[in-house]
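*Asks:* For the sequence shown, my numbering begins at 474 and goes up steadily by one.
For every residue, glycine included, the Cβ atom is placed at its ideal position computed from N, Cα and C.
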Amino acid sequence: TPLREAEGRASAAAKTENAKVIDLAKVAKDRGIKYFLISYVDLFGGLRAKLVPAAAIGPMQKEGAGFAGFATWLDMSPADPDLFAVPDPTSLIQLPWKEEIGWLAADLYMDGKEVEQAPRTVLKRQLAAAAALGYEMKTGVECEYFLITPDGKSISDTSDTAEKPCYDQSALMRRYEVIKDICDAMLKLGWGAYQNDHEDANGQFEMNWNYDNALLTADRHVFFKYMVKSIAEQHGLRATFMPKPFINLTGSGCHAHVSLWQKGKNAFSDPKGELGVSELGYHFIGGLIHNADALCALTNPTVNSYKRINAPRTISGATWAPNTVTYTGNNRTHMIRIPDAGRFEFRLADGAANPYLLQAGLAAAGLDGIANKRDPGKRLDINMYTEGHKVKGAKRLPLNLLDAMRALEKSKVLTERLGKPFVDGFLKLKTEEWNAFSRHLTQWERDNTLDI
Ligand code: ADP
Ligand code: MG
Ligand code: MG
Ligand code: MG
Ligand code: MG
Numbered sequence: 474t475p476l477r478e479a480e481g482r483a484s485a486a487a488k489t490e491n492a493k494v495i496d497l498a499k500v501a502k503d504r505g506i507k508y509f510l511i512s513y514v515d516l517f518g519g520l521r522a523k524l525v526p527a528a529a530i531g532p533m534q535k536e537g538a539g540f541a542g543f544a545t546w547l548d549m550s551p552a553d554p555d556l557f558a559v560p561d562p563t564s565l566i567q568l569p570w571k572e573e574i575g576w577l578a579a580d581l582y583m584d585g586k587e588v589e590q591a592p593r594t595v596l597k598r599q600l601a602a603a604a605a606l607g608y609e610m611k612t613g614v615e616c617e618y619f620l621i622t623p624d625g626k627s628i629s630d631t632s633d634t635a636e637k638p639c640y641d642q643s644a645l646m647r648r649y650e651v652i653k654d655i656c657d658a659m660l661k662l663g664w665g666a667y668q669n670d671h672e673d674a675n676g677q678f679e680m681n682w683n684y685d686n687a688l689l690t691a692d693r694h695v696f697f698k699y700m701v702k703s704i705a706e707q708h709g710l711r712a713t714f715m716p717k718p719f720i721n722l723t724g725s726g727c728h729a730h731v732s733l734w735q736k737g738k739n740a741f742s743d744p745k746g747e748l749g750v751s752e753l754g755y756h757f758i759g760g761l762i763h764n765a766d767a768l769c770a771l772t773n774p775t776v777n778s779y780k781r782i783n784a785p786r787t788i789s790g791a792t793w794a795p796n797t798v799t800y801t802g803n804n805r806t807h808m809i810r811i812p813d814a815g816r817f818e819f820r821l822a823d824g825a826a827n828p829y830l831l832q833a834g835l836a837a838a839g840l841d842g843i844a845n846k847r848d849p850g851k852r853l854d855i856n857m858y859t860e861g862h863k864v865k866g867a868k869r870l871p872l873n874l875l876d877a878m879r880a881l882e883k884s885k886v887l888t889e890r891l892g893k894p895f896v897d898g899f900l901k902l903k904t905e906e907w908n909a910f911s912r913h914l915t916q917w918e919r920d921n922t923l924d925i
């Protein structure tokens, strides 16, 4: 269909052109859409929406759906005027399990101006900065998740108890009905779904689809999380992307694979470069290495995130999550892995990362690496879990959210690139969250302090 082709291939500029000519009222008639979900993602990654009947979509497409911004996780005041979510018609996805509903990602406006702290806008600006240099960023994400009981207390499959459950065929197939519904949906949507597996923790799964333009990947990432949760619910289960829901099991990462493209060619690819990666690619990696601690506030944005990274061995034998700011070849114990020519994998991010801020952070740090020709240093080919302590000079990742937030606060690079209104707003809300956590009295404190 023309809309899907436009979605899949168009450059940012062409997308904007398409957006202008797509008439959602007509699309609704042609495709039998009765309702639109006009949605946006707030700073904490929450998906917010209004359900709009197709008969009312005309003016909503132009002016946007109205929201009270303060009622969601945005740095706003209850006294602020309406926040308008203006849908991007090229983002349209008909819910594969209920096609009469059309989902739309929206951009936020207030008083006629773009809201600078809006995550999708933050990402679009980074991609525009890349485009100004002639590059299109393309990414793929691997969103691990757990299928748990509706009360959230345990994994849902009581037979899933293997010590090394990764790729366990029986455990995968006991969840075939759910996995199939999700994968069928991705196939129908034309995402290029290509594999599904049981992951390294009991109850944990991963489903992969093809990389594409970073904004398209981010929109799909948002929709994927919603879809997995919705379809799991239809099967009487609950899905969680929480980074470390069970302390002794491997956590849920959200690895991101990255390449920059110029005139249809992969600019990270160079047959003469080390591991087939170009100098440009290594500068981008250098930017991630240089900015890693501050980036953590975006890629590992919750208190719980820090129980996945820097973690002790899990029951399966390895956490598969990094502890140090290092890169390597095809080796899964480092922050960055180069699995193949022409791209790298960023293994730091977790399931709590806001899909837009994850991509925006990668772009900002990587473009800083390119602008300043940052040197990533030497590749390490060691097992970081067993030999990491021997490496001199490698930076450790932040040990908790507060350290990461302080690193972001200090980061001139990320503040300049991502914009002060966004960084200030994000840190303000995250500081309130950290303070709420700090005020919480834990059982651990009682166990270790009561008799002191
Ligand atoms: P692994 O588990 O080995 O890390 P997966 O197959 O689970 O790898 O995920 C790989 C992801 O990387 C997919 O989304 C894939 O489309 C994406 N990818 C492959 N090549 C590139 C590339 N050149 N640029 C960006 N992403 C890529
Ligand atoms: Mg009202
Ligand atoms: Mg994978
Ligand atoms: Mg995985
Ligand atoms: Mg991976």
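I'd like the span of the alpha helix (DSSP H) that includes residue 907, first residue to last.
*Replies:* Unbroken alpha helix (DSSP H) run through residue 907: 893-912.
*Asks:* Under 7 Å from any heavy atom of ligand 4, does the C-beta of residue 726 make it?
*Replies:* Residue 726: yes, Cβ under 7 Å from ligand 4.
*Asks:* Which residue from 535, 811, 697 and 573 puts its Cα closest to that of residue 526?
*Replies:* Per the Cα distances, 573.
*Asks:* Between residue 617 and ligand 4, is the CB less than 7 Å from at least one heavy atom?
*Replies:* Answer for residue 617: yes, Cβ within range of ligand 4.
*Asks:* How is residue 618 classed by DSSP in three states: helix, strand or coil?
*Replies:* Three-state result, residue 618: strand.
*Asks:* Does the region 696-710 come within contact of the region 754-771, defined as at least 3 CB pairs closer than 8 Å?
*Replies:* Too few Cβ pairs lie closer than 8 Å, so no.
*Asks:* Please state the DSSP three-state secondary structure of residue 580.
*Replies:* If DSSP states are grouped into helix, strand and coil, residue 580 belongs with the strands.
*Asks:* Would you call residue 925 buried or exposed, if buried means 16 or more other Cβ atoms sit within 10 Å of its Cβ?
*Replies:* Exposed.
*Asks:* Roughly how many whole angstroms lie between the Cα atoms of residue 557 and residue 507?
*Replies:* When rounded, the distance between both Cα atoms is 21 Å.
*Asks:* Can you tell me the Cβ-Cβ gap for residue 794 and residue 715, rounded? I've got them flagged as a contact below 8 Å.
*Replies:* So it is not a contact: roughly 14 Å between Cβ atoms.
*Asks:* So residue 512 and residue 501 are in contact, right, with Cβ under 8 Å, and what is the actual spacing, rounded?
*Replies:* With 8 Å as the limit, residue 512 and residue 501 do not qualify as a contact, their Cβ atoms being about 16 Å apart.
*Asks:* Ends of the alpha helix (DSSP H) at residue 763?
*Replies:* 752-772 is the span of the alpha helix (DSSP H), which, as asked, contains residue 763.
*Asks:* In this structure, how does DSSP classify residue 749 when only helix, strand and coil are distinguished?
*Replies:* Residue 749: helix per DSSP, three-state reduction.
*Asks:* Is residue 803 near ligand 3, in the sense that its beta carbon is under 7 Å from a heavy atom of that ligand?
*Replies:* Every heavy atom of ligand 3 is 7 Å or more from the Cβ of residue 803, so no.
*Asks:* Quick one: which unbroken beta strand (DSSP E) runs of 3-plus residues sit fully inside the region 810-879? Chain order, please.
*Replies:* Listed in chain order, the complete beta strand (DSSP E) runs (minimum 3 residues) inside the region 810-879 are 817-819.
*Asks:* Can you look up residue 474 in the DSSP assignment and give me helix, strand or coil?
*Replies:* Residue placement at residue 474 is flagged as unreliable, the pLDDT there being 40, under the threshold of 50; the coordinate-derived value follows with that caveat. Residue state, collapsed to three classes: coil.
*Asks:* Can you look up residue 647 in the DSSP assignment and give me helix, strand or coil?
*Replies:* Residue 647: coil per DSSP, three-state reduction.
*Asks:* Examine the Cβ distances between the region 870-888 and the region 768-778 and report whether three or more of them are shorter than 8 Å.
*Replies:* The answer is yes - the region 768-778 touches the region 870-888, with three or more Cβ pairs under 8 Å.
*Asks:* Go ahead and label residue 534 buried or exposed: buried means 16 or more other beta carbons lie within 10 angstroms of its beta carbon, across all protein chains shown.
*Replies:* Buried.
*Asks:* Hey, would you say residue 676 sits closer than 8 Å to residue 630, going by beta carbons?
*Replies:* Cβ atoms of residue 676 and residue 630: closer than 8 Å.
*Asks:* Whole angstroms are fine: how far does the CA of residue 710 sit from the CA of residue 831?
*Replies:* About 27 Å.
*Asks:* Taking only three categories from DSSP, how would you classify residue 709?
*Replies:* Residue 709: coil per DSSP, three-state reduction.
*Asks:* Mapping DSSP to helix, strand and coil, what is residue 610?
*Replies:* DSSP places residue 610 in strand when its eight states are reduced to three.
*Asks:* Look at the Cβ atom of residue 800, then the Cβ atom of residue 855, and state whether they are nearer than 8 Å.
*Replies:* Going by C-beta atoms, residue 800 is not nearer than 8 Å to residue 855.
*Asks:* Can you give me the start and stop residues for the beta strand (DSSP E) that residue 919 sits inside?
*Replies:* Segment 916-922 is the alpha helix (DSSP H) holding residue 919; no beta strand (DSSP E) there.
*Asks:* Since residue 732 sits in a beta bridge, which residues does DSSP pair it with?
*Replies:* According to DSSP, residue 732 bridges with 611.
*Asks:* Can you tell me the Cβ-Cβ gap for residue 691 and residue 596, rounded? I've got them flagged as a contact below 8 Å.
*Replies:* About 6 Å; that satisfies the 8 Å criterion.
*Asks:* Check whether the region 737-757 and the region 781-792 are in contact - that is, three or more C-beta pairs closer than 8 Å.
*Replies:* In short, these stretches do not touch, since the Cβ pair count stays below three.
*Asks:* Measure the C-alpha to C-alpha separation of residue 837 and residue 599 and round it to an integer number of angstroms.
*Replies:* Distance between the alpha carbons of residue 837 and residue 599: 6 Å.
*Asks:* Could you tell me if residue 667 is buried or exposed, where buried requires 16 or more neighbouring beta carbons within 10 angstroms of its beta carbon?
*Replies:* Exposed.
*Asks:* Do three or more CB pairs link the region 816-825 to the region 713-731 at distances below 8 Å?
*Replies:* Contact between the region 816-825 and the region 713-731 is present, because at least three Cβ pairs lie under 8 Å.
*Asks:* Quick check: what's the CA-CA separation for residue 910 versus residue 917?
*Replies:* C-alpha separation (whole angstroms): 14 Å.
*Asks:* Measure how close the beta-carbons of residue 497 and residue 530 come, nearest whole angstrom, since I'm counting them as under 8 Å.
*Replies:* Right, the Cβ-Cβ distance comes to about 5 Å (below 8 Å), so this counts as a contact.
*Asks:* Just tell me which of 898, 868, 869 and 619 has its CA closest to the CA of residue 882.
*Replies:* Comparing Cα-Cα distances from residue 882 to each of 898, 868, 869 and 619, the minimum goes to 898.
*Asks:* For the 8 Å Cβ check, are there 3 or more pairs between the region 803-814 and the region 843-858?
*Replies:* Segments in contact, yes.
*Asks:* Between which residues of its own chain and residue 634 is the CB-CB distance below 7 Å, once the five residues before and five after are set aside?
*Replies:* These residues qualify, in order along the chain: 675.
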